[in-house]
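Protein chains in written order, with our numbering: chain X, 1 to 284; chain L, 285 to 492.
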Amino acid sequence: MSAGKCAAGAVLVVVLAGVALAAGPMRKDLHYKVGKHSMVSLNNQFGAIRVKAGAPHQVAVTAILHSGKVEVDESRSGNRINLVSHVLPGSDEAGATVEYEMTVPPDASLTLHSGNGLIHVENIHGDLMMEGNNAPIEVVECGDGHIHIRTLDGKVSLTNVHNGHIEIGSMGGDVVLSGVDGPFVKVNSNSGKIQYDGDFADSGIYDFSSYTGNIEALAPPTASIDVLARSNNGLVQSDFSLEPKHTPFAAKVGSAFAGTLGKAASSVNLFSFSGKIHLKKRQN
Amino acid sequence: MTCGEFEHILPEYIEGSHSPEQQAHLMSCAACSDLLTDLNLISSQALLLRESDEPSPRVWNSIEAQLRREGLIHAPAVSRPSWHESLVRFRNPWLVPVAAAMVIVAGIKLYHPAPAGDRDATKRTPAPVVAKVAPEDTVIRKAVASRPLAQRAAYEADLDRANAYIHDLELTVRNDPSDVYNQQLLINAYEQKQVLYDLAVDRGMGEQ
Numbered sequence: 001m002s003a004g005k006c007a008a009g010a011v012l013v014v015v016l017a018g019v020a021l022a023a024g025p026m027r028k029d030l031h032y033k034v035g036k037h038s039m040v041s042l043n044n045q046f047g048a049i050r051v052k053a054g055a056p057h058q059v060a061v062t063a064i065l066h067s068g069k070v071e072v073d074e075s076r077s078g079n080r081i082n083l084v085s086h087v088l089p090g091s092d093e094a095g096a097t098v099e100y101e102m103t104v105p106p107d108a109s110l111t112l113h114s115g116n117g118l119i120h121v122e123n124i125h126g127d128l129m130m131e132g133n134n135a136p137i138e139v140v141e142c143g144d145g146h147i148h149i150r151t152l153d154g155k156v157s158l159t160n161v162h163n164g165h166i167e168i169g170s171m172g173g174d175v176v177l178s179g180v181d182g183p184f185v186k187v188n189s190n191s192g193k194i195q196y197d198g199d200f201a202d203s204g205i206y207d208f209s210s211y212t213g214n215i216e217a218l219a220p221p222t223a224s225i226d227v228l229a230r231s232n233n234g235l236v237q238s239d240f241s242l243e244p245k246h247t248p249f250a251a252k253v254g255s256a257f258a259g260t261l262g263k264a265a266s267s268v269n270l271f272s273f274s275g276k277i278h279l280k281k282r283q284n
Numbered sequence: 285m286t287c288g289e290f291e292h293i294l295p296e297y298i299e300g301s302h303s304p305e306q307q308a309h310l311m312s313c314a315a316c317s318d319l320l321t322d323l324n325l326i327s328s329q330a331l332l333l334r335e336s337d338e339p340s341p342r343v344w345n346s347i348e349a350q351l352r353r354e355g356l357i358h359a360p361a362v363s364r365p366s367w368h369e370s371l372v373r374f375r376n377p378w379l380v381p382v383a384a385a386m387v388i389v390a391g392i393k394l395y396h397p398a399p400a401g402d403r404d405a406t407k408r409t410p411a412p413v414v415a416k417v418a419p420e421d422t423v424i425r426k427a428v429a430s431r432p433l434a435q436r437a438a439y440e441a442d443l444d445r446a447n448a449y450i451h452d453l454e455l456t457v458r459n460d461p462s463d464v465y466n467q468q469l470l471i472n473a474y475e476q477k478q479v480l481y482d483l484a485v486d487r488g489m490g491e492q
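What follows is the structure, given as structure tokens:
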């Protein structure tokens, strides 16, 4: 083999290796030192975002970029960190995907936007603002702050979230709240179902409403609640024998009910235009 | 014969005037056949009301007022007996139940409430046609026009749902302006459209 052919072969190998590297996933690691109550914002059009509590004063981000046609733009201003997946022209959805894993201080506040990838947040006690088109949104073991979620058709699930000021808006995505309580819990859904399984604790206001989506709330026999429930065109049922109370609307059997249970510490409002409403008793 | 033509001659058909062409259409069209079955059922049930007490003039007046409000009848150009006076004068024993049946059938045909718990309601019964497209709808559609087809379709469906919610609640609130709970639902419906708008134009939370 001539020297020329050897050189050409070597160049080919280098080029092919470069192409392979450019086409495959690339990992990017970012680390920041932050103070108390830091704020992290991330806007990612395609791909999952997973956030967990880590060491205090440290934000660590691992981004897996699925191609060279997407970049991670970062900026920092004091305690505030902004990350954006910057999709370059000519990229398709697969190429524009970035998977993020982050650890942030437990007291950090997060603003997360995802187009269609999962958003999963765990053990964070700062304010959480999350939104997505079809992105499923999961919040686990969080609380003590404001939790605002807006989604079009992604499923939203909150598990063991306490003492939160919670507002969830969903068009078609189901909303499942399990072990959730706080001074204010509001879910506004269009066609998505709303399911609540908790204690209606904290002397809070629990306000669930929908257009066509069904509302199902599961409470213990010992719940202390003041309930108003009405569906303009759907069936309304309660497993509890509530103490009747005066309402400004006619509490017709099958379409509305109102009453109190225990000391009526929390206010529970279940309203729908045409969805079914069922207040269920949890069997302990 | 088309379904529209058949519906046009339906009153004559019920009274017993059947042509071969109408019979043939009825045999081949399940929708018209069902409609006729429903109408006959309602008529037969309504006939049971024949012996009931005569409705008071107040009842006729309120029905007339309702039909006028909905634009189904109009005030006469020249002075003449009101429609219910004519009806009272000329009605036969069967006329009341048949009129009631016709009103019920018209109601069934014109009103399509979203079924309980039906998340696909707006796919089968799209939002009522609105004569004027809201400016924000145009902005939303323009904003998502260049997005992938599936995402665009999802926005269209969500926009229909949001508009259907607003439309139904506006009607409900108009019928009973004192109901604060329906007013709150209407506010919620507008909030949903706001979310749709913000996500379409990519305006994140907290941005104004």
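For each residue, glycine too, the CB sits at the ideal point set by N, CA and C. These numbers come from a predicted model, not from an experiment.
Check, Outcome
"DSSP three-state label for F200 of chain X, please.", "coil"
"Can you find a CB in chain L that lies within less than 8 Å of the CB of N190 of chain X?", "yes"
"Count the other C-beta atoms from every protein chain shown that fall within 10 angstroms of the C-beta of E99 of chain X, then say buried if there are 16 or more, exposed otherwise.", "buried"
"Under 8 Å, do R230 of chain X and S266 of chain X count as touching if we go by C-beta distance?", "no"
"List, in order along the chain, the chain L residues whose C-beta lies closer than 8 Å to that of S209 of chain X?", "Q468, L469 and N472"
"Figure out for me which residue from X:L242, X:F273, X:E138 and X:T159 has the closest Cα to the Cα of G259 of chain X.", "X:L242"
"How far does the alpha helix (DSSP H) with I450 of chain L in it extend, from its first residue to its last?", "L433 to N459"
"Should K155 of chain X be labelled buried (16 or more other beta-carbon atoms within 10 Å of its own) or exposed?", "buried"
"What does the alpha-carbon distance come out to for the pair R334 of chain L and S191 of chain X?", "A caution first: R334 of chain L carries a pLDDT of 47, below 50, which makes its placement in the model too unreliable to give a value."
"Please state whether DSSP places N376 of chain L in a helix, a strand or coil.", "Because the pLDDT at N376 of chain L is just 46, under 50, the model does not fix this residue reliably, and the point stays unresolved."
"Check the C-beta distance from I149 of chain X over to I137 of chain X and give it rounded, since I have them as a contact under 8 Å.", "6 Å"
"Pull up the DSSP beta-bridge partners for D169 of chain X, would you.", "The sequence as given places Gly at residue 169 of chain X; Asp does not occur at that position. Its beta-bridge partners are X:R150 and X:N188."
"With a 10 Å radius around its C-beta and 16 neighbouring C-beta atoms as the bar for buried, classify G35 of chain X as buried or exposed.", "exposed"
"Under 7 Å Cβ-Cβ, which residues of chain X neighbour V479 of chain L?", "R150 and G169"
"Ordered along the chain, which non-local residues of its own chain (more than five positions away) have a Cβ less than 6 Å from that of V176 of chain X?", "S157 and Q195"
"Output yes if chain X places a C-beta closer than 8 Å to the C-beta of E440 of chain L; else output no.", "no"
"Alpha carbon to alpha carbon, how far is P183 of chain X from Y465 of chain L? Give it in angstroms, no decimals.", "21 Å"
"How far does the alpha helix (DSSP H) with I471 of chain L in it extend, from its first residue to its last?", "V464 to A484"
"Beta-carbon separation of I277 of chain X and I215 of chain X under 8 Å?", "yes"
"Return the residue from the list X:L235, X:S238, X:T97 and X:S272 that minimises the CA-CA distance to R27 of chain X.", "X:T97"
"Let me make sure I understand the geometry here. Which of L:A418, L:V423, L:A438 and L:E289 has the alpha-carbon closest to that of N116 of chain X?", "L:A438"
"From V161 of chain X to S317 of chain L, what distance separates their C-alpha atoms?", "55 Å"
"Going by DSSP, what residues sit across from Q195 of chain X in a beta bridge?", "X:V176 and X:E216"
"Flag this pair as touching only if the segment 447-459 of chain L and the segment 424-431 of chain L have three or more C-beta atom pairs under 8 Å; answer yes or no.", "no"
"Counting only Cβ-Cβ distances shorter than 7 Å, please list the residues of the segment 212-243 of chain X near chain L, keeping chain order.", "T212, G213, N214, R230, N232, N233, G234 and L235"
"If I measure Cβ to Cβ from N232 of chain X and keep anything under 6 Å in the same chain, skipping five residues before and after, which residues do I get?", "F273"
"Let me check one thing: in DSSP terms, what residues is N44 of chain X bridge-paired to?", "X:S114"
"Should T222 of chain X and G179 of chain X be called a contact, given that it needs their Cβ atoms to be closer than 8 Å?", "no"
"At a CB-CB cut-off below 9 Å, which residues of chain L make contact with F273 of chain X?", "P397, A398, Y449, D452, L453, T456, N466, L469 and A473"
"Restricting to Cα atoms, I'd like to know which of X:G172, X:G169, X:D92 and X:I147 is closest to N163 of chain X.", "X:I147"
"Going straight from the alpha carbon of Q306 of chain L to that of E296 of chain L, what length do you get?", "11 Å"
"Using CA atoms only, rank isn't needed, just tell me which of X:V187, X:R282, X:K186 and X:D92 is closest to P220 of chain X.", "X:R282"
"As a quick exercise: from X:N134, X:G169, X:S109 and X:E131, pick the residue whose alpha carbon is nearest that of D144 of chain X.", "X:S109"
"Under the three-state reduction of DSSP, which class applies to Y32 of chain X: helix, strand or coil?", "strand"
"Please work out which residues of its chain come closer than 6 Å, Cβ to Cβ, to L270 of chain X, disregarding the five sequence neighbours upstream and downstream, and give them in chain order.", "F208, I215, A229 and I277"
"Quick check on the burial criterion: 16 or more other C-beta atoms within 10 angstroms. Buried or exposed for V362 of chain L?", "For V362 of chain L, the pLDDT reaches just 41, beneath the cut-off of 50, and the residue's location in the model is therefore unreliable, although a value from the coordinates is still provided. Under this definition V362 of chain L is an exposed residue."
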